[in-house]
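Colleague: Dumping the structure here so I can ask a few things about it.
There are 2 protein chains.
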Amino acid sequence: MPLPAKVQRGSGQLVIENGFSVSAEGQHDARVDHALQRFMKDLSLETGIPLGLSPAANGKATLTVHAEKASKPYPELGEDESYTLDVTSSGATLTAPTTLGVLHGLETFLQLVGPTAQGFAAPAVHIEDAPRFPWRGLMIDVSRHFIPMSALYRAVDAMAAVKLNVLHLHLSDDQGFRMESKEFPKLTELGSDGNYYTQDEMKALIEYAADRGIRIVPEFDMPGHSTSWFVGYPELSSGAGPYTIERRFGIFNPAMDPTREETYKFLDKFIGELSELFPDPYFHIGGDEVNGKQWDANAKIQAFMRAHNMKNNQELQQYFTERVQKIVAKHHKYMIGWDEILSPGMPKDIVIQSWRGPDSLAGAAKQGYRGLLSSGYYLDAMETAAEHYAVDPMSGEAAKLTPQEKSRILGGETCAWAEFLTPQNVDSRLWPRAAAIAERLWSPPQETQDVAGMYRRLENVSWRLELLGIRHRSEVSAMLGRMAGTDNVAPLQVLAEAVRPLGLGPRQDTDEKDKTEETALTPMNRLVDAVPPESESARDFSDLVESFIAGHFQDRRAETEIRDELAVWRDNDSALEPMLQRSTVLRKLAPVSQNLSALGAAGLEALGYLDRGERAPADWKTQTLATIEKAKEPQADVYIAVVPAIESLVNASAGLAAAPAGGNK
Amino acid sequence: MPLPAKVQRGSGQLVIENGFSVSAEGQHDARVDHALQRFMKDLSLETGIPLGLSPAANGKATLTVHAEKASKPYPELGEDESYTLDVTSSGATLTAPTTLGVLHGLETFLQLVGPTAQGFAAPAVHIEDAPRFPWRGLMIDVSRHFIPMSALYRAVDAMAAVKLNVLHLHLSDDQGFRMESKEFPKLTELGSDGNYYTQDEMKALIEYAADRGIRIVPEFDMPGHSTSWFVGYPELSSGAGPYTIERRFGIFNPAMDPTREETYKFLDKFIGELSELFPDPYFHIGGDEVNGKQWDANAKIQAFMRAHNMKNNQELQQYFTERVQKIVAKHHKYMIGWDEILSPGMPKDIVIQSWRGPDSLAGAAKQGYRGLLSSGYYLDAMETAAEHYAVDPMSGEAAKLTPQEKSRILGGETCAWAEFLTPQNVDSRLWPRAAAIAERLWSPPQETQDVAGMYRRLENVSWRLELLGIRHRSEVSAMLGRMAGTDNVAPLQVLAEAVRPLGLGPRQDTDEKDKTEETALTPMNRLVDAVPPESESARDFSDLVESFIAGHFQDRRAETEIRDELAVWRDNDSALEPMLQRSTVLRKLAPVSQNLSALGAAGLEALGYLDRGERAPADWKTQTLATIEKAKEPQADVYIAVVPAIESLVNASAGLAAAPAGGNK
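Chains A and B supply the protein sequences, listed in that same order. Heads up, the first sequence is in my numbering, so the first residue is 67 and it goes up one at a time. Heads up, the second sequence is in my numbering, so the first residue is 67 and it goes up one at a time.
Next up, the structure:
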């Protein structure tokens with residue numbers, strides 16, 4: 067995963083043994099040497115076989131790698147990333163036009179290796195592979211909650227494993243300014259609570275990522291989403307100040323003053339400084355969600371707008387964006403920003419990142435602008451991998467574009483907004499779901515319509531990522547231990563596996579109803595913060611129920627499995643209840659646990675009717691569906707993920723045509 | 067954990083909230099500042115509450131820390147490590163004579179915090195604490211298998227959390243030389259397969275450890291266990307050479323030549339160089355297990371012995387050790403070594419590390435030598451935490467020593483020998499068991515005789531360590547995924563939780579019987595390499611069975627739990643069998659899985675008799691106990707850990723007096 071563009075299976079397999087060796091031919095590039103070192107380490111990790119100890123026997127390495135030429139010193143958009151990998155039972159060859167293809171091909175080889183009846187082995191195969199899109203990104207918001215460097219390194223490791231090639235860092239927002247500026251030290255001194263990256267730290271990360279073929283694109287959001295700038299530099303803003311770091315989440319009034327020349331002088335110096343730090347030719351200026359209230363309230367700004375014949379705030383923002391674009395261009399960068407930056411006066415070399423959707427992207431492409439899709443790829447929406455996988459940058463209006471227009475759609479970026487992201491849950495918010503999006507952006511669309519196949523590959527990716535040190539599974543267990551104050555969390559684990567967290571929007575809606583707004587200072591220690599976005603148990607259970615119903619209730623083995631699972635849920639509340647009462651962070655889960663118990667009981671009753679071949683009585687059905695409706699309501703910011711499957715069982719037992727059990731939702 | 071020396075519970079508790087603040091008073095020491103930063107980060111991690119953002123309200127911090135004076139720049143043996151911690155519902159105070167006490171007290175505070183019905187809180191308490199022994203060590207053998215720096219950092223983090231204060235690195239042995247020497251670069255160039263620590267890396271680790279109150283003691287084993295030295299410098303040896311790195315495990319012939327002055331010139335330079343790198347005053351020269359064969363076979367050495375009236379190789383080694391001790395002393399270090407270094411000519415300032423046991427230690431103490439206990443603390447023996455916990459440095463002959471002699475017993479070191487240790491299983495081999503040994507070495511013996519209490523504390527430590535980034539649990543899951551080639555490992559997990567690995571000795575014995583000797587190049591990818599040394603499931607199950615039997619089979623709830631567990635084992639083989647067949651690394655587990663299944667069935671039958679109040683028939687009993695005997699035999703280098711509990715059930719059902727179910731063994 068991602069599935070290669072072209073795969074031909076051969077016969078036999080290459081068994082990995084102690085003597086396994088690699089050699090590099092062709093253009094010498096230190097990054098290839100580093101990659102081979104990592105490869106041997108990872109292959110050893112993946113097989114448990116000590117490797118790297120023996121030189122190639124009789125001069126012929128097991129895996130020969132050949133890159134025609136070195137890729138650019140820092141990876142760039144549009145470089146050739148293709149490779150050809152041949153594996154036979156006697157050896158393997160990896161050839162690529164550039165270093166980048168070698169990096170990708172080595173990752174493919176590592177994914178081919180698995181336990182077989184003859185030992186760890188890679189199947190004989192001929193692969194010709196190249197990405198569908200040149201821009202395959204992951205955006206991490208490090209502002210709303212600070213994400214430490216160690217987590218970014220883990221993200222780069224995982225990205226390399228699934229062939230994502232752009233790490234986009236959302237480095238400033240109302241809630242924090244996270245990147246050191248030597249020109250303007252107060253940005254972090256006053257705007258970061260001490261949580262920021264030094265330039266040295268960022269340089270090291272850039273090198274580390276470049277070594278793995280990954281670009282780093284910085285974003286500094288302007289003119290809105292910029293309160294944290296104004297804590298140290300209130301003169302940049304359109305209001306009076308003073309400012310403090312914003313703790314709430316949402317869209318706020320503070321915005322830069324587009325009418326003062328000093329603003330552009332500041333930005334020129336700032337962008338100049340940061341353009342040197344970040345080697346990538348693309349520089350992201352955000353540009354989203356300006357509410358304009360500070361502009362409306364500022365008489366000087368209003369006068370400026372009248373003097374320049376600007377009809378509304380949108381035109382004022384256009385003016386700002388055009389000025390900033392010239393500064394960005396002056397520092398030899400291409401500007402990238404969210405949908406809002408697009409206006410007729412913009413040069414054609416800017417890139418639009420679309421949070422609005424493929425149609426908006428298609429509109430931009432028609433006007434000659436390049437774009438990236440992010441709508442549908444928001445990891446904080448807590449959707450399933452299948453839901454993200456179904457989103458395609460070339461869908462909707464984009465499907466109707468001419469080939470030339472289509473070529474302007476560069477790819478996409480999955481985004482992790484950080485309202486509810488912390489150093490403790492960042493891995494499970496990103497992985498393994500981002501790997502499904504990576505496949506959408508790399509692999510041929512016609513080969514990747516099978517969701518079941520995607521999940522099989524995703525399961526394989528998941529344990530490999532833990533082996534590489536990503537903590538998407540282990541951090542969940544640790545957080546359950548934290549809530550319970552013990553390692554002995556079996557009943558809490560049962561509940562945790564049966565639920566899924568509310569996405570960003572619904573969770574904030576709940577806040578509004580509760581009047582307990584969550585801010586950047588709110589503890590993130592509840593079940594909603596710990597459980598993975600997608601419940602694997604619920605997916606497996608749904609699949610089981612679906613196939614049981616489709617098989618007309620004949621599969622005894624499936625029935626036993628379903629019955630056992632339902633009994634576990636039914637009986638779990640009595641074991642869990644004392645644990646919930648001991649801990650405030652758990653206490654609000656009591657109704658969730660009771661609902662799960664009721665669902666388990668309902669499912670067992672339904673199974674009983676099915677087992678006896680009785681049609682469930684109508685009043686039982688009515689009552690039970692009412693229980694189910696109640697269990698659909700989120701509580702303590704989690705949904706019970708197994709509800710739809712149990713509803714299917716109940717409906718089936720009442721003799722209705724069985725609807726598919728549905729996915730995780 | 068470790069339990070403090072003196073604890074008085076107060077009333078109420080200190081609730082941890084957003085405004086929690088800390089301040090340091092007294093002697094200024096940068097290490098206290100670092101410790102407070104880490105403390106706030108860890109407290110935030112432990113509670114999920116964002117901390118560190120607000121200064122102390124009205125000048126009064128929630129936790130006030132006071133160290134009378136700074137401890138030594140690098141921690142030293144015998145410094146005052148005591149502290150007093152007062153927690154009330156309104157705040158907390160931590161006072162200590164030195165920085166070291168502050169470090170320990172902060173860890174104690176972190177352990178006090180847990181989820182309560184009023185939120186995360188620490189109970190009101192008055193603690194006066196100081197260690198029982200000044201030397202509380204962890205030895206890691208990084209030679210037989212190389213352990214990367216990242217794992218050493220994790221070890222230091224975990225050690226600090228449980229108040230261990232010496233990291234002893236076994237840096238050279240036959241299988242690899244792991245420490246860069248600038249004087250003698252061929253030591254690592256030819257003796258390490260490229261797997262070694264640079265001096266810069268080691269300096270960074272030393273600083274990191276010192277910041278956490280932890281000493282680092284280097285060991286370079288001589289004159290035996292030294293093949294890796296001779297690959298680059300064959301002239302040091304007593305044989306002809308040339309040498310290659312030893313891949314097998316055991317005791318080998320190569321030994322340094324004690325009769326050549328060049329040997330001591332080399333060691334003088336080498337020890338001089340490394341004594342500068344490692345600031346700790348103790349320098350470990352190994353000294354164990356010289357078989358003397360190279361000495362016997364070398365005519366010059368034999369002539370030297372005759373000329374110096376040496377009767378045997380032991381006297382020759384004494385001569386060597388005395389010469390080396392003078393070199394160590396010349397470089398301002400105290401020599402430390404294994405039992406074998408002790409001889410009448412030695413000065414009293416050396417330290418004996420005993421792999422032979424408390425009696426040997428007591429003997430040394432009587433002669434005026436200081437010592438450390440390691441016998442009984444070998445983590446590679448794969449014993450339970452309870453077994454290690456029962457070992458006391460002051461037991462046996464040591465209990466009979468005079469107070470002055472007793473003061474020479476400095477403490478102990480738990481040892482992780484690396485025949486079967488890899489970067490992938492190192493965390494689970496060390497933790498959480500080493501925490502039980504840490505408690506033995508810190509806490510008053512009279513307060514720490516209750517094994518059940520120890521396990522309760524150990525469970526608490528376990529999830530905290532995962533939260534801190536130790537991978538003792540997560541690496542197990544990742545390795546199961548590796549063996550199965552999928553993330554979907556439920557039946558393999560069931561088997562994994564029911565077994566425990568063979569210890570070093572029995573595993574090597576099996577090798578001998580099988581004639582498939584395991585070496586440093588052998589893949590370490592089987593279940594034995596993945597499962598934790600102690601089966602928690604087996605322990606819980608044993609406790610359950612024991613209490614069920616003790617309660618005369620009346621506890622229905624316990625019976626249901628036992629029945630459910632037994633049914634899972636009985637039914638597991640059919641789910642697991644296809645997975646085992648697909649993978650060579652799993653295939654040999656088939657008989658283990660079948661035995662577990664048979665045990666589950668036998669236990670259910672026993673439960674059936676008990677349930678019906680029938681005495682199980684004698685022939686059933688005979689047959690069943692034969693099944694159990696068969697299941698006791700190790701297979702694929704694992705034991706089934708649940709055997710004794712099932713045996714107890716079977717015996718009980720046959721109407722015999724029920725023996726206690728026993729522990730994990």
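Where a beta carbon is used, it is the ideal one built from N, C-alpha and C, also for glycine.
1) Report the neighbours of Thr113/B on chain A: residues whose CB is nearer than 8 Å to its CB, in chain order.
2) So is Trp529/A in contact with chain B if we call contact Cβ pairs under 8 Å?
3) Assign Gly679/A to one of two classes, buried (16 or more other C-beta atoms within 10 Å of its C-beta) or exposed (fewer than that).
4) Mind checking who Leu160/A pairs with in its DSSP beta bridge?
5) Which residues in chain B have a C-beta closer than 8 Å to the C-beta of Val560/A? List them in chain order.
6) Buried or exposed, going by whether 16 or more other CB atoms sit within 10 Å of the CB of Gly569/A?
7) Over what stretch of residues does the alpha helix (DSSP H) that includes Lys72/A continue unbroken?
8) Considering just the uninterrupted stretch of the beta strand (DSSP E) at Tyr400/A, what are its terminal residues?
9) Along chain B, in chain order, which residues have C-beta atoms closer than 8 Å to that of Ser540/A?
10) Are the segment 422-440 of chain A and the segment 474-494 of chain A in contact at 8 Å, needing three or more beta carbon pairs?
11) Helix or strand or just coil, what does DSSP make of Gln419/A?
12) Check the Cβ of Ala71/A against every Cβ in chain B and list those closer than 8 Å, keeping chain order.
13) Can you list, in chain order, the residues of its chain whose CB lies under 8 Å from that of His398/A, leaving out five sequence neighbours each side?
14) Anything in the segment 168-183 of chain B with a Cβ closer than 8 Å to a Cβ of chain A? List those residues in chain order, please.
15) Could you work out which residues of chain B lie near Glu525/A, taking near to mean beta carbons separated by less than 8 Å?
16) Tell me the rounded alpha-carbon separation between Ser77/A and Pro189/A.
17) Based on Cα-Cα distance, which residue from Arg623/A, Glu600/A, Pro598/A and Met205/A lies nearest to Thr610/A?
18) DSSP beta-bridge partners for His100/A?
19) Would you give the residue range spanned by the alpha helix (DSSP H) that Ile282/A belongs to?
20) List, in chain order, every chain B residue whose beta-carbon is nearer than 8 Å to that of Ala586/A.
21) Please return the same chain residues whose Cβ sits closer than 8 Å to the Cβ of Leu561/A, not counting the five positions on each side in sequence.
22) Under the assumption that Ile416/B contacts Gln391/B (Cβ atoms under 8 Å), give the Cβ distance between them as a whole number of angstroms.
23) Which whole-angstrom value describes the C-beta separation of Ala718/B and Leu676/B, a residue pair presumed to lie in contact below a C-beta threshold of 8 Å?
24) By alpha-carbon positions, which one of Tyr385/A, Asn261/A, Leu670/A and Glu513/A ends up nearest to Ala633/A?
25) Between which two residues does the alpha helix (DSSP H) carrying Gly551/B extend?
26) Starting from Glu32/A, trace the beta strand (DSSP E) in both directions and tell me its first and last residue.
27) What do you get for Arg566/B, buried or exposed, if any count of 16 or more other CB atoms within 10 angstroms of its CB means buried?
28) Out of curiosity, what's the CA-to-CA distance linking Ala667/B and Arg636/B?
29) Quick check on the DSSP output: the alpha helix (DSSP H) that includes Phe386/B runs from which residue to which?
30) Put Tyr140/B into one of helix, strand or coil per three-state DSSP.
31) Taking only beta-carbon positions, decide if Val153/A is within less than 8 Å of chain B.
32) Are any of the Cβ atoms in chain A nearer than 8 Å to that of Asp516/B?
33) So which residues of chain A does Ser649/B contact, with C-beta pairs closer than 8 Å?
34) Beta carbon of His211/B, beta carbon of Glu285/B: below 8 Å?
35) So, for Ala725/B: in the same chain, excluding its five sequence neighbours on each side, which residues have a beta-carbon less than 7 Å away from its beta-carbon?
36) Which stretch, first to last residue, makes up the alpha helix (DSSP H) that contains Val651/A?
Modeller: The structure says:
1) Arg548, Pro589 and Asn591
2) Residue-level contact by beta carbon holds for Trp529/A and chain B, with a gap shorter than 8 Å.
3) exposed
4) Val131/A and Leu151/A
5) Those within 8 Å of Val560/A in chain B number zero; the least Cβ separation is about 13 Å.
6) Counting the other CB atoms within 10 Å of its CB gives Gly569/A a total of 16 or more, which places it among the buried residues.
7) Per DSSP, Lys72/A lies in no alpha helix (DSSP H) segment; the continuous beta strand (DSSP E) that holds it begins and ends at Lys72 to Val81.
8) Tyr400 to Trp404
9) Glu532, Arg537, Arg539, Ser540 and Ser543
10) yes
11) strand
12) Neighbours of Ala71/A on chain B: none; closest Cβ ~24 Å, over 8 Å.
13) Ser341 and Pro347
14) Gly180, Pro181, Thr182 and Ala183
15) Thr552, Asp553 and Asn554
16) So the two alpha carbons sit approximately 8 Å from each other.
17) One detail in the question is off: residue 610/A reads as Leu in this sequence, not Thr. Answer by Cα proximity: Arg623/A.
18) Bridge partners of His100/A: none, in fact.
19) Taken as a continuous stretch (DSSP letters only), Ile282/A belongs to no alpha helix (DSSP H), being part of the beta strand (DSSP E) at Arg281 to Met288.
20) Pro116
21) Leu593, Asn638, Leu642, Leu655, Val658, Ser659 and Leu662
22) Ile416/B to Gln391/B, Cβ: 6 Å. Contact.
23) About 7 Å separates the two Cβ atoms, so the contact holds.
24) Leu670/A
25) It is not in any alpha helix (DSSP H) - Gly551/B carries neither H nor E in the DSSP assignment.
26) Nothing about residue 32/A can be reported from this structure: the residues present for chain A run from 67 to 731 only.
27) buried
28) 5 Å
29) Asn379 to Lys396
30) coil
31) Chain B contact via Cβ: absent.
32) Not an interface residue.
33) Pro181, Thr182 and Ala183
34) no
35) In this prediction, Ala725/B has a pLDDT of 44, which is less than 50 and means its spatial position is unreliable; what the coordinates show is noted afterwards. Result list for Ala725/B: Ser714 and Asn717, in chain order.
36) Thr650 to Arg653 is the span of the alpha helix (DSSP H), which, as asked, contains Val651/A.
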